[in-house]
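Residue numbers (full-length UniProt numbering): 1 to 212. Quick notes on the structure that follows.
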Amino acid sequence: MIWVLTGAAAAIYWALTLSEGHSVFRSAVKGLSVFPLAIAALVAGMPALAMALALCSLGDVVLSRPGDKAFLGGLIAFALGHLAWIAVFFIRLSPDPAQLSGPLAFALLLGLAVLAGVMVRVLLPNAGDLRLPVAVYIGIIIAMGICGLMTAVPLVVLGALAFAASDTLLGLQTFVLARGDRVERWANVLIWPLYWGAIVLLTLGTLGDGVF
């Protein structure tokens with residue numbers, strides 16, 4: 001039932017993203033796409049997972065509001081959320097650096113390095129007064145991606161990579177792409193499903209045998 005509720009909210013919000021707006025209803029729907037999972041995780045006795053999901057949900061709601069202060073608040077919430085995900089990985093999945101030695105993992109690690117380089121090279125020069133917090137955020141999301149790779153859990157690996165891809169597109173949309181052009185429109189279509197898909201993959205991957 002919890003997945004039906006959050007999935008329906010996520011689908012509605014995705015439809016809402018195809019048009020401009022910052023309504024309270026839009027923010028509420030966005031929050032309902034993730035926050036019920038945090039409540040379920042807490043009830044199931046998984047406080048670290050609940051914290052990671054709750055911080056992501058908070059970031060969702062704050063980012064849905066207009067203005068630079070809202071963007072910074074959302075950035076901080078998501079940065080803390082990524083740190084919470086790293087804690088979840090270590091608590092439930094015991095990441096092992098040795099997992100990075102395989103050819104596929106090494107290739108994905110190189111991909112994350114390239115992604116980090118692109119974000120630093122392209123986003124930071126256009127971030128203005130937000131350059132420092134964006135730089136810190138880039139470091140944290142890449143660290144989360146690396147820790148995800150070290151778990152060697154396929155769902156977690158895919159979720160971490162999808163999260164990084166979503167954040168990259170959001171950064172490009174916010175700081176680089178011209179509003180309304182073709183690339184920006186495609187980025188707008190892809191950001192939400194990549195993000196919510198990442199939340200689902202990370203949650204299922206860290207649940208293991210747990211259910212809620």
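Built from N, CA and C at the ideal position, the CB exists for glycine as well.
Status (buried if at least 16 other CB within 10 Å, exposed otherwise) for V153
buried
Out of A113, F89, R131, point me to the one whose CA is closest to T151's CA.
F89
CA-CA distance, V183 and V176?
11 Å
Which complete alpha helix (DSSP H) runs does the region 69 to 156 hold, if anything under 4 residues is left out?
103 to 118, 131 to 151
By how many angstroms is the C-alpha of D129 removed from the C-alpha of L32?
31 Å
Can you tell which of P103, T203, A105 has its C-alpha closest to the C-alpha of F35?
T203
Please classify L170: is it buried, with 16 or more other beta-carbons within 10 angstroms of its beta-carbon, or exposed?
buried
Could you spell out where the alpha helix (DSSP H) holding G31 opens and where it closes?
24 to 32
Among the candidates R185, L108, V122, whose CA atom is the shortest distance from the CA of C147?
L108
Any idea what DSSP makes of A50, helix, strand or coil?
Of the three classes helix, strand and coil, the one that applies to A50 here is helix, per DSSP.
Measure from the alpha carbon of T168 to the alpha carbon of each residue in L37, V118, V157, then state which is nearest.
Measuring from the Cα of T168, the nearest candidate turns out to be V118.
Using 7 Å as the threshold, is the C-beta distance between H82 and M144 below it?
Yes, Cβ-Cβ distance for H82 and M144 is below 7 Å.
Of the listed residues L75, A178, V157, A98, nearest to G139 (C-alpha basis)
L75
6 Å Cβ shell around A10 - same chain, five flanking residues per side excluded
S33, W196
With DSSP collapsed to three states, give me the class of P66.
coil
For W192, which option in A87, A162, G208, R65 has the closest C-alpha, if you only look at C-alpha atoms?
A162
Taking the straight line between their C-alpha atoms, what separation do you get for P66 and P103?
43 Å
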